[in-house]
Ligand code: ARG
């Protein structure tokens, strides 16, 4: 029997019922739905809208349902999670159960449930991000003395400290963590008490339910409160940007572990093979994470599109927020967790990275800087070094093994010290500016990430 059957002569047809139902997926809200109902019933009791005994009976019934579901009771046979809980309650405690829905609608109920649920999901996302950052910080620390190529346009650009590489991702994930925390703060506003759309004539006390449910604020417009899913869109945006960052790390992983690069190795336990080519060791996990990024973006687009045409206030379109959200949440958390494991297990090849860092004339900027520091205007220094690179290309030579005479063919400013001043390691080590690639700068970078991470997670 439907909660709304009274007005109808005939029952809903089976196909319409199956199409309309949400219990198959919104049963994930069962716990928060019971939390919100207990708070609502308690408030009704304290305000004298129900007797204290009625409220207590309802709360006990609700707790029993929670325990029974945890013990294996099937959540089935109702239109949605709200109807399921109410149906179970009435079956257990009789007519008193029918009073739970006083001064409430499924519209403010589902809006409240979703906020409570997303609030928990935000916490799960921030702790998963924290774990990943911790792993990357460790990698940064232990690889601080390694030098690797830094790229622009995926062409070798300048040698960099390996620690700086890992810290770059720490910065991205730290911003994601910060964004999720802000999202969590903004969503902590309680819609309960807005009823269907216009508020209620019962003398409810919204501060009681606010306190019981741990909301920071109470919504100030019931029309908006029941139809606001901005927080779902916001979570999905935070998740999308996190996935974008993960996906970039995946791309690097796939490149760096290829034969062509050979900087990192993925251990066997985190690799896969080919059913036909016996020699293959494939980076399926990073590829999958990169692939799943699109699916999270898709959910964000879905929600934004769902919201944009809704006339005030509640519309059933909003039921679509759930599957999108649950799938994005699962995808995000599983990707963060597998990547934390993967980054922990990956092995680095310092020699391969160092050798690669010195190739491709990657110290050319340092040669130009050498000249500029001897008083040659940088633009002229750049042109002279460019000529040297051309010379090396023609003669199949390296910048690091030229003789002083060869250097001096492009500029008189070169002196004996050029033969020792420009090396791969000195190049990375020389960039000591704040946020730069030297070991000293990276040490400070790691400390700075740690400080901000601590500050963010201690505020929770
Ligand atoms: N399953 C519905 C949803 O997720 C619950 C709210 C139903 N409200 C209504 N007026 N039909 O949105």
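Numbering (the numbering used here), first residue to last: 105 to 564.
Built from N, CA and C at the ideal position, the CB exists for glycine as well.
Nearest candidate by alpha-carbon position, reference residue i, set the options
i: residue 234; options: 284, 252, 458; result: 284
i: residue 243; options: 220, 255, 282, 271; result: 271
i: residue 181; options: 118, 531, 279; result: 118
i: residue 320; options: 311, 405, 327; result: 311
i: residue 547; options: 268, 190, 227; result: 268
i: residue 347; options: 232, 112, 467, 130; result: 232
i: residue 254; options: 376, 412, 467; result: 467
i: residue 123; options: 469, 420, 396; result: 420
i: residue 353; options: 273, 261, 375, 454; result: 273
i: residue 559; options: 279, 179, 260; result: 279
i: residue 327; options: 301, 336, 370; result: 301
i: residue 517; options: 488, 506, 526; result: 488
i: residue 107; options: 194, 288, 132; result: 194
i: residue 169; options: 145, 157, 196, 351; result: 196
i: residue 256; options: 521, 461, 506; result: 461
i: residue 128; options: 530, 183, 324; result: 183
i: residue 331; options: 459, 258, 211; result: 211
i: residue 455; options: 266, 116, 132; result: 266
i: residue 159; options: 139, 146, 399; result: 146
i: residue 246; options: 550, 136, 191; result: 550
i: residue 351; options: 485, 388, 371, 329; result: 388
i: residue 141; options: 114, 209, 157, 292; result: 209
Beta-carbon gap between residue i and residue j smaller than 8 Å
i: residue 511; j: residue 493; result: no
i: residue 314; j: residue 308; result: no
i: residue 162; j: residue 216; result: no
i: residue 349; j: residue 277; result: yes
i: residue 407; j: residue 333; result: yes
i: residue 537; j: residue 545; result: yes
i: residue 134; j: residue 185; result: yes
i: residue 339; j: residue 173; result: no
i: residue 433; j: residue 187; result: no
i: residue 452; j: residue 367; result: yes
i: residue 369; j: residue 450; result: yes
i: residue 403; j: residue 431; result: yes
i: residue 447; j: residue 239; result: yes
i: residue 525; j: residue 260; result: no
i: residue 396; j: residue 130; result: no
i: residue 457; j: residue 251; result: yes
i: residue 258; j: residue 294; result: no
i: residue 61; j: residue 377; result: Residue 61 lies beyond the range of the chain shown here (105 to 564); nothing can be said about it.
i: residue 470; j: residue 531; result: yes
Pairwise C-alpha distance: residue j and residue i
i: residue 342; j: residue 392; result: 20 Å
i: residue 477; j: residue 514; result: 16 Å
i: residue 417; j: residue 555; result: 44 Å
i: residue 472; j: residue 263; result: 15 Å
i: residue 557; j: residue 444; result: 16 Å
i: residue 502; j: residue 440; result: 42 Å
i: residue 213; j: residue 365; result: 55 Å
i: residue 504; j: residue 241; result: 32 Å
i: residue 528; j: residue 414; result: 60 Å
i: residue 435; j: residue 248; result: 32 Å
i: residue 125; j: residue 202; result: 21 Å
i: residue 178; j: residue 198; result: 20 Å
i: residue 230; j: residue 337; result: 17 Å
i: residue 303; j: residue 218; result: 19 Å
i: residue 297; j: residue 543; result: 57 Å
i: residue 207; j: residue 148; result: 9 Å
i: residue 423; j: residue 380; result: 45 Å
i: residue 345; j: residue 394; result: 12 Å
i: residue 474; j: residue 533; result: 14 Å
i: residue 138; j: residue 166; result: 6 Å
i: residue 116; j: residue 110; result: 12 Å
i: residue 437; j: residue 429; result: 12 Å
i: residue 105; j: residue 355; result: 53 Å
i: residue 175; j: residue 132; result: 15 Å
i: residue 482; j: residue 499; result: 25 Å
i: residue 305; j: residue 153; result: 11 Å
i: residue 287; j: residue 357; result: 30 Å
i: residue 519; j: residue 480; result: 13 Å
Bridge-paired residues (DSSP) for residue i
i: residue 260; result: 255
i: residue 386; result: 376
i: residue 368; result: 452
i: residue 235; result: According to DSSP, residue 235 bridges with nothing at all.
i: residue 222; result: Answer is none; residue 222 lacks a bridge partner.
i: residue 321; result: 293
i: residue 265; result: 251
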